[in-house]
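*Asks:* Here you go, one structure.
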Amino acid sequence: MSGKDDLVRFGVSMPSELIQQFDQYIGEQGYTNRSEAIRDLVRKTLLQPGRLNPEQLVAGTIVMVYDHDVSELPLLLMELQHQYHHHIISTMHVHLNHDQCLEIIAVRGRLDQLRELQSQIQVHRGVLYCELSVTYVDEQNEADGHAHHGHHGLGAGRHAHSGPSAGERAES
Numbered sequence: 001m002s003g004k005d006d007l008v009r010f011g012v013s014m015p016s017e018l019i020q021q022f023d024q025y026i027g028e029q030g031y032t033n034r035s036e037a038i039r040d041l042v043r044k045t046l047l048q049p050g051r052l053n054p055e056q057l058v059a060g061t062i063v064m065v066y067d068h069d070v071s072e073l074p075l076l077l078m079e080l081q082h083q084y085h086h087h088i089i090s091t092m093h094v095h096l097n098h099d100q101c102l103e104i105i106a107v108r109g110r111l112d113q114l115r116e117l118q119s120q121i122q123v124h125r126g127v128l129y130c131e132l133s134v135t136y137v138d139e140q141n142e143a144d145g146h147a148h149h150g151h152h153g154l155g156a157g158r159h160a161h162s163g164p165s166a167g168e169r170a171e172s
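Just so we're aligned, residue 1 is where the sequence shown starts under full-length UniProt numbering, counting upward by one.
Shown next, in the form of structure tokens:
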């Protein structure tokens, strides 16, 4: 939600025990009020996988853990990422231990195509975990040519974002 949006107030009734648990939860999460916590829960709910149009433009991550000792798996995963290079913004590779690697792939594109990539990753023997998490992309800015492609390097092209806070991220 941007600062330009009009706020609408409405009442919510809850059993006292539930609101006590909710207040404890929002305090633990660092919220300063119920409204922002409820907004984040609604955003997260609206990003549930079944609620989005498969053709929706999204951005997000594919997080996977795999056993690098499984024959040919690292090579297969690299080849698969090359096949989807136009959807991949960046990757980060972490060695968890002697056998396991964690890879985080930042992605952007149509939801159905990103789901296809995630599905093709998870079916390989040796992939222990693979999950796609997405959030909306402002399609109006995409149409206006305000899309950001590639990485944000240092130097003349550097800029700051004043978009959604960490609280506005969503998981699928």
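Just so it is clear, CB atoms sit at the ideal spot from N, CA and C, and this is done for glycine as well.
If you compare alpha carbons, which of 114, 61, 59, 12 is closest to residue 39?
*Replies:* Comparing Cα positions, the closest option is 12.
*Asks:* Just to confirm my understanding: we take residue 73, look at its own chain, exclude 5 residues before and 5 after, and list those with CB closer than 8 Å. What are they?
*Replies:* Counting only Cβ-Cβ distances below 8 Å, and skipping sequence neighbours, we find 66, 67, 124, 125, 126, 127.
*Asks:* So, with DSSP's three-state summary, where would you put residue 92?
*Replies:* Note: residue 92 maps to strand in three-state DSSP.
*Asks:* Can you check which of these residues, 35, 48, 16, is closest to residue 8 by C-alpha distance?
*Replies:* It is 35 whose Cα lies nearest to the Cα of residue 8.
*Asks:* On the premise that residue 106 lies in contact with residue 90, defined as a C-beta separation below 8 Å, what is that separation, rounded to the nearest angstrom?
*Replies:* Rounded, the Cβ-Cβ distance is 4 Å, consistent with contact.
*Asks:* Looking at C-beta atoms only, is the number of pairs between the stretch 39 to 55 and the stretch 70 to 84 that lie closer than 8 Å three or more?
*Replies:* With a cut-off of 8 Å, the stretch 70 to 84 and the stretch 39 to 55 do not count as touching, because too few Cβ pairs lie within range.
*Asks:* Starting from residue 36, trace the alpha helix (DSSP H) in both directions and tell me its first and last residue.
*Replies:* First-last of the alpha helix (DSSP H) with residue 36: 34 to 46.
*Asks:* Rounded to whole angstroms, what is the Cα-Cα separation between residue 86 and residue 129?
*Replies:* Answer to the nearest angstrom: the Cα atoms are 23 Å apart.
*Asks:* My guess is that residue 111 and residue 84 are in contact by the Cβ rule of under 8 Å, so how many angstroms apart are they, rounded?
*Replies:* Wrong, their Cβ atoms sit about 14 Å apart, outside the cutoff.
*Asks:* Determine the burial state of residue 103: buried for a count of at least 16 other Cβ atoms within 10 Å of its Cβ, exposed for fewer.
*Replies:* Buried, since its Cβ has 16 or more Cβ neighbours within 10 Å.
*Asks:* Excluding the 5 residues flanking residue 64 on each side, which residues of the same chain have their C-beta closer than 7 Å to its C-beta?
*Replies:* Correct list, in chain order: 103, 121, 127, 129, 130.
*Asks:* Answer yes or no: do residue 16 and residue 61 have a C-beta to C-beta separation smaller than 8 Å?
*Replies:* No, the Cβ-Cβ distance between residue 16 and residue 61 is not below 8 Å.
*Asks:* Which ranges would you report for the beta strand (DSSP E) in the stretch 58 to 119 if only whole runs of at least 3 residues count?
*Replies:* 88 to 95, 100 to 110, all fully within the stretch 58 to 119.
*Asks:* Could you give the distance in angstroms between the alpha-carbon of residue 136 and the alpha-carbon of residue 108?
*Replies:* Spanning the two alpha carbons is a distance of roughly 10 Å.
*Asks:* Considering just the uninterrupted stretch of the alpha helix (DSSP H) at residue 18, what are its terminal residues?
*Replies:* Taken as a continuous stretch (DSSP letters only), the alpha helix (DSSP H) holding residue 18 covers 16 to 29.
*Asks:* How many Å lie between residue 26 and residue 20 at the Cα?
*Replies:* Residue 26 and residue 20: Cα-Cα distance of roughly 10 Å.
*Asks:* Per DSSP, residue 237 is paired with what?
*Replies:* Not covered by the structure: residue 237. The range shown for the chain is 1 to 172.
*Asks:* Once you ignore the five residues that flank residue 52 on each side, which residues in its own chain have a CB closer than 6 Å to its CB?
*Replies:* These residues qualify, in order along the chain: 111.
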